[in-house]
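Offset between the sequence shown (1-based) and the numbering used here: plus 32.
Please read the structure below before turning to the comments.
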Amino acid sequence: MGFSASPLVVGSIVIVYAGGPTDKGVIALDVETGAARWSAAAGADSYGSPQAATIGGESLVLMLSNDGLTAMDPGSGMNRCTYSWPIANYRALQPLAAGDDTFLLPTPMNAGTRAIRVRPEVGCPLGTLAAHARCQHRVFGRNRRHPWPVRSQAP
33 MGFSASPLVV
43 GSIVIVYAGG
53 PTDKGVIALD
63 VETGAARWSA
73 AAGADSYGSP
83 QAATIGGESL
93 VLMLSNDGLT
103 AMDPGSGMNR
113 CTYSWPIANY
123 RALQPLAAGD
133 DTFLLPTPMN
143 AGTRAIRVRP
153 EVGCPLGTLA
163 AHARCQHRVF
173 GRNRRHPWPV
183 RSQAP
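Structure (C-alpha cells):
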C-alpha cells in the first residue's frame, strides 16, 4: 500500500506523513540536512497531509488518519491531543481549525463530519480532548446520531 501526502514546512523542519502502526507515523526532518528531528504515532493509514493550525493560541500540526485526529507540537512532535474516530478505510482529507476552539474533521462519503470544540473554560484543556467528558462534538451529514452539543465519552 502506498500513501499520497504533501509535506508541511514549519520553520526549519519539513513534516511528512509516513503511516504505519509504530511511532513513525509522522516524521519531521531538518530542511537543511534531512536529519530526523522527531517522529510520532498518527494512525496507520491516511491519504491526508499534515495541516498547520492554531487552537487556543497554541500552534499545532494536525493529522487525520484511520484512527482519528492527532494534534502535535510542531517543534517537538509531542502529542497535544487525540480524538479517537476510527474508520475501516483511509481518510483523504485534512482536518481544519475552524476558529480558535474548534477542529472540523471530515471523513469519507456518508460517514459524516464532526466539529470538535475545545472548551478550556469548562475544564477541557487541549491535552485531554479525547478523554474529557466536557469536550463537545457535533456530527454533520447523513450520520447524524447526535444533536448539538454532544459530550464526548471517556475511552
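Positions of the beta carbon are idealized from the N, C-alpha and C atoms, including for glycine.
Bounds of any beta strand (DSSP E) do not take in GLU64, whose DSSP letter is neither H nor E.
Comparing alpha carbon positions, the residue from THR54, LEU92, GLY51, ASP77 closest to VAL42 is LEU92. Taking C-beta separations shorter than 6 Å and ignoring five residues to either side along the sequence, the partners of ALA74 in its chain run GLY57, VAL58, MET95, SER97, THR102, following chain order. Assignment of ILE59 by DSSP, reduced to helix, strand and coil, places it in the strand class. For MET110, same chain residues with a beta-carbon under 7 Å away, outside a window of 5 residues either side, are MET104 in chain order. With fewer than 16 other Cβ atoms inside 10 Å of its own Cβ, ALA68 counts as exposed.
By the 16-neighbour rule on beta-carbons within 10 angstroms, PRO53 is exposed.
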